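This report concerns only the one structure given below.
2 protein chains.
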Amino acid sequence: MDRNLKKRETMHRLCAKGLEIFHEKGYYNTSLDDILKELSLSKGAFYHHFKSKEDYFISIVQNLVVQKVYALLVEPLNTHENPLPIIIDSLEKALEPVKHNEMVYGFMLNDFLMEFNKRNSEISTYLKDIIKVWEVNLVSVLKKGKVDGHIARHVDCEGVASYIIASYLGMRTLMSDNSNPQLKYNYIQQLKQYFGSLEARYADA
Amino acid sequence: MDRNLKKRETMHRLCAKGLEIFHEKGYYNTSLDDILKELSLSKGAFYHHFKSKEDYFISIVQNLVVQKVYALLVEPLNTHENPLPIIIDSLEKALEPVKHNEMVYGFMLNDFLMEFNKRNSEISTYLKDIIKVWEVNLVSVLKKGKVDGHIARHVDCEGVASYIIASYLGMRTLMSDNSNPQLKYNYIQQLKQYFGSLEARYADA
DNA sequence: TTACAGACCGACCCCCCGGTCGGTTTAAGG
DNA sequence: CCTTAAACCGACCGGGGGGTCGGTCTGTAA
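First to last, the sequence lines map onto chains B and W.
Residue numbers 1 to 205, in UniProt numbering, belong to the letters of the first sequence in order.
Residue numbers 1 to 205, in UniProt numbering, belong to the letters of the second sequence in order.
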């Protein structure tokens with residue numbers, strides 16, 4: 001019993017630290033030794049729990065990344081109010097800059113997506129699936145907004161969802177060096193402007 | 001005299017092929033041998049012309065990438081008409097999918113930007129400078145549009161420019177696997193929707 | 001106490017890849 | 001021609017990093 005606990009504990013420590021460092025330096029730019037050194041673990045310990053670096057990362061994605069994306073970007077959408085402010089709010093939180101040593105998990109999707117795009121199609125697929133879930137949820141909440149009279153009838157919900165995701169991912173690229181704190185504010189402002197044009201009060205062709 | 005020509009010719013062949021393969025597979029995932037084999041050149045030839053892989057890539061950026069970004073995204077902005085349709089048109093062209101073996105140079109900014117972000121700050125800076133030039137030109141043309149009465153006075157031109165760039169870069173991430181040809185169309189539609197809300201005919205608070 | 005298996009150790013293997021260097025070919029100038 | 005240097009060749013080096021493997025330690029079950 002204690003054995004099983006020990007295993008889970010070690011695997012979890014590996015995953016958590018792995019996500020932290022992969023996110024910080026990139027997957028291909030991080031060696032297993034980088035991570036193992038931080039945890040005072042050996043190669044042997046690692047390969048006892050995971051069959052490869054790739055397998056390890058997939059575990060991280062499925063256990064941690066999915067969770068964080070859900071918490072930050074999907075679950076907040078479950079509401080009966082006007083979806084537009086809700087979406088803005090979730091994006092604003094997901095773009096929150098790093099505080100102390102706390103990680104910002106919403107940030108990492110774009111980074112990983114780009115890194116694996118031309119390198120590892122399997123991992124790439126897992127990541128795109130996560131985006132897809134987000135997209136589906138966005139579309140669904142937008143459609144509900146239409147029914148509830150918050151969003152104009154002519155609006156193409158799929159198009160809007162893609163556009164939101166694209167602008168979010170792009171902001172991530174632009175903000176990745178933390179050089180311009182104004183960017184986030186500008187982004188939210190423009191998003192509001194754009195959302196204004198989707199509201200039911202506008203011409204409903 | 002013929003000597004000088006030979007040098008330029010070889011360097012140019014190296015840069016062109018390098019851009020092609022780096023763009024296709026990524027910088028860190030491409031070895032010099034990959035490129036040299038395609039050109040039937042040797043390590044010796046390469047290091048005769050460039051002092052390192054990094055130096056080589058910087059040449060590529062300064063000679064080729066800058067040029068293409070200008071041609072696709074900056075120069076089209078030089079017009080006296082309403083800037084909004086002009087911007088849409090340039091983005092549409094820059095998102096054109098690959099035809100035959102022709103490269104789409106507008107596509108590569110986001111890829112390279114992400115790849116070097118946490119890996120090589122010098123190259124990163126060169127790339128961000130290119131984006132900056134684009135941004136400055138966008139802001140300038142938007143401001144002119146305001147003066148000419150095409151854009152509402154309340155519009156924050158810097159914010160709009162950032163937003164355009166972010167959404168473009170994000171689209172690049174989403175489109176990078178060429179899986180969904182619909183995406184581009186949706187994006188342009190939503191961009192038009194957004195631009196509609198910037199036009200002078202709307203409330204000018 | 002003993003047997004066994006799971007957790008962990010770390011030296012080692014091997015390939016990849018950027019970079020080096022002594023040598024060879026080629027062509028311009030005297 | 002002959003000299004000279006630029007253009008080019010390709011074997012080699014060395015570090016990094018994923019993955020292996022024989023061995024050790026430790027807790028559990030009989």
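For every residue, glycine included, the Cβ atom is placed at its ideal position computed from N, Cα and C.
Model, not experiment: these values are computed from the prediction.
Between the options, which lies nearest to residue i when the distance is taken from Cα to Cα?
i, options, result
"Asn-186 (chain W)", "W:Phe-112, W:Leu-95, W:Glu-115", "W:Leu-95"
"Glu-122 (chain W)", "W:Tyr-56, W:Val-139, W:Asn-78", "W:Tyr-56"
"residue 228 (chain B)", "W:Gln-190, W:Asp-89, W:Lys-68", "In the structure as shown, chain B begins at 1 and stops at 205. Residue 228 (chain B) is therefore absent and cannot be evaluated."
"His-49 (chain W)", "W:Gly-159, W:Gln-62, W:Asn-78, W:Cys-15", "W:Cys-15"
"Leu-198 (chain B)", "B:Leu-142, B:Gln-182, B:Ile-188", "B:Leu-142"
"Asp-177 (chain B)", "W:Ser-176, W:Phe-195, W:Met-114", "W:Met-114"
"Lys-53 (chain B)", "B:Arg-172, B:Asp-33, B:Lys-128", "B:Asp-33"
"Thr-10 (chain W)", "W:Thr-30, W:Leu-41, W:Ser-31", "W:Leu-41"
"Ser-59 (chain W)", "W:Leu-77, W:Asn-120, W:Leu-5, W:Tyr-126", "W:Tyr-126"
"Asn-137 (chain B)", "B:Asp-2, B:Ala-71, B:Gly-44, B:Glu-24", "B:Ala-71"
"residue 230 (chain B)", "B:Tyr-28, B:Phe-22, B:Glu-24, B:Ala-45", "Residue coverage of chain B in this structure runs from 1 to 205, which leaves residue 230 (chain B) outside it and unanswerable."
"Asp-111 (chain W)", "W:Asn-4, W:Ile-21, W:Leu-5, W:Pro-76", "W:Ile-21"
"Lys-192 (chain W)", "B:Asp-156, B:Ser-90, B:Asn-63, B:Met-175", "B:Asp-156"
"Ser-179 (chain B)", "W:Ser-179, W:Lys-132, W:Pro-181", "W:Lys-132"
"Pro-181 (chain B)", "W:Tyr-47, W:Phe-195, W:Asn-4, W:Gly-159", "W:Gly-159"
Quick one: what's got a C-beta closer than 6 Å to residue i's C-beta in the same chain, skipping five residues either side?
i, result
"Lys-7 (chain B)", "none"
"Met-108 (chain B)", "His-23"
"Ser-124 (chain B)", "Phe-116, Asn-117"
"Lys-51 (chain B)", "none"
"Asp-89 (chain W)", "none"
"Val-69 (chain W)", "Ile-130"
"Val-61 (chain B)", "Tyr-126"
"Asp-2 (chain W)", "none"
Please work out which residues of its chain come closer than 8 Å, Cβ to Cβ, to residue i, disregarding the five sequence neighbours upstream and downstream, and give them in chain order.
i, result
"Asn-101 (chain B)", "Model confidence at Asn-101 (chain B) stands at a pLDDT of 47, short of 50, so the residue's coordinates are unreliable; what they give is reported in the following sentence. Counting only Cβ-Cβ distances below 8 Å, and skipping sequence neighbours, we find nothing."
"Lys-128 (chain W)", "Leu-113"
"Leu-183 (chain W)", "Met-171, Leu-174, Met-175"
"Lys-43 (chain W)", "Leu-32, Asp-33, Leu-36"
"Pro-76 (chain B)", "Ile-86, Asp-89, Ser-90, Lys-93"
Starting from residue i, find everything on chain W with Cβ-Cβ shorter than 7 Å and list it in chain order.
i, result
"Asn-110 (chain B)", "Thr-173"
"Tyr-168 (chain B)", "Gly-170"
"Ser-90 (chain B)", "The contacting residues do not exist; Ser-90 (chain B) stays about 16 Å from chain W at best."
"Lys-25 (chain B)", "Lys-118"
Compare the beta carbon distance of residue i and residue j with 8 Å and say whether it is the shorter of the two.
i, j, result
"Trp-134 (chain B)", "Leu-73 (chain B)", "yes"
"Lys-118 (chain B)", "Gly-18 (chain W)", "no"
"Val-139 (chain B)", "Ala-161 (chain B)", "yes"
"Thr-79 (chain W)", "Ile-87 (chain W)", "no"
"Leu-39 (chain B)", "Arg-13 (chain B)", "yes"
"Ile-188 (chain B)", "Glu-92 (chain B)", "yes"
"Val-66 (chain B)", "Ile-130 (chain B)", "yes"
"Ala-166 (chain B)", "Met-171 (chain W)", "yes"
"Leu-169 (chain B)", "Leu-174 (chain W)", "yes"
"Tyr-194 (chain B)", "Tyr-194 (chain W)", "yes"
Interface residues of chain B around residue i at Cβ under 8 Å?
i, result
"Asp-177 (chain W)", "Asn-117, Ser-124, Lys-128"
"Asn-120 (chain W)", "Those within 8 Å of Asn-120 (chain W) in chain B number zero; the least Cβ separation is about 10 Å."
"Met-114 (chain W)", "Asn-110, Asp-111, Met-114, Glu-115, Thr-173, Ser-176"
"Gly-196 (chain W)", "Ser-197"
"Asn-186 (chain W)", "Asp-156, Glu-158, Gly-159, Ser-162, Tyr-163"
Under 7 Å Cβ-Cβ, which residues of chain B neighbour residue i?
i, result
"Val-160 (chain W)", "Gln-190"
"Leu-183 (chain W)", "Ser-162"
"Tyr-28 (chain W)", "Tyr-28"
"Asn-137 (chain W)", "Residues of chain B passing the Cβ test: none, with the nearest at roughly 16 Å."
Return the chain-ordered list of same chain residues with a C-beta closer than 7 Å to the C-beta of residue i, the five sequence neighbours on each side being excluded.
i, result
"Lys-144 (chain W)", "Pro-83"
"Gly-149 (chain W)", "Ala-200"
"Thr-30 (chain B)", "Ile-21, Phe-22"
"Asn-63 (chain B)", "Cys-15"
"Glu-81 (chain W)", "none"
Anything in chain W within Cβ reach of residue i, meaning under 9 Å, just list it in chain order.
i, result
"Gly-18 (chain B)", "Here the premise fails: no neighbours, minimum Cβ distance about 16 Å."
"Asp-34 (chain B)", "Neighbours of Asp-34 (chain B) on chain W: none; closest Cβ ~13 Å, over 9 Å."
"Gln-193 (chain B)", "Val-155, Asp-156, Gly-159, Val-160, Tyr-163, Tyr-194, Ser-197, Leu-198"
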